[in-house]
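In the working numbering, the protein residues as written are 11 to 180.
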């Protein structure tokens, strides 16, 4: 996930003008952009204020009795043949919803870009190919993208796609 101001005013203290999170993954650097790692435990109802400028909340309970708090992050089971695959190797899971919070972002217009690769539901004939993941993207309480289907948008599994909303006033 990337949030960056359209007209950056770097250098001002106490405010941030961008936020990059590797949702469910390790801290990664792509060019000059550092994606914060997000490998923290999940749970049925959790709020995690990660560091002073971002956090996430997770809701919902997996009905499997064998689940542990570490099962709220999925690990890809195959090698991804794409640039910067470290951003797509893991994914945060939630049976109901999860929300990322960016704090101390300066007022202004931003571009919000969310990168996706389907690594959980497989494109084969096993039980891993059953189901689909559909996302609704809310920004500042406003529905920006409804029923976003990763596989449909990327035209298959293990392929990159993104959802971008520009000129978002924060």
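Think of the CB as a built atom: it goes at the ideal place given N, C-alpha and C, for glycine as much as any other residue. Here the structure is a predicted model, which means the values were calculated and not measured.
- In this chain, the beta strand (DSSP E) harbouring residue 31 covers 28-33.
- Contact annotation, residue 38 with residue 96: C-beta distance approximately 5 Å; criterion of less than 8 Å satisfied.
- Excluding residues up to 5 positions away in sequence, 34, 35, 36, 83 and 100 lie with their Cβ nearer than 8 Å to the Cβ of residue 49 in the same chain.
- Around the beta carbon of residue 31, 16 or more other beta carbons lie within 10 angstroms, which makes this residue buried.
- Looking from the CA of residue 147, the closest CA among 102, 179 and 107 belongs to 107.
- Approximately 18 Å separates the beta-carbon atoms of residue 114 and residue 45; this is outside 8 Å, ruling out the contact.
- Taking C-beta atoms as the reference points, residue 180 and residue 143 fail to come closer than 9 Å.
- Just measuring C-alpha positions, the residue of 88, 153, 103 and 125 sitting nearest residue 132 is 88.
- For residue 161, the enclosing alpha helix (DSSP H) covers residues 160-164.
- If you ignore the 5 residues before and after residue 65, its C-beta comes within less than 8 Å of the C-beta of 57, 58, 59, 110, 111 and 113, all in its own chain and listed in chain order.
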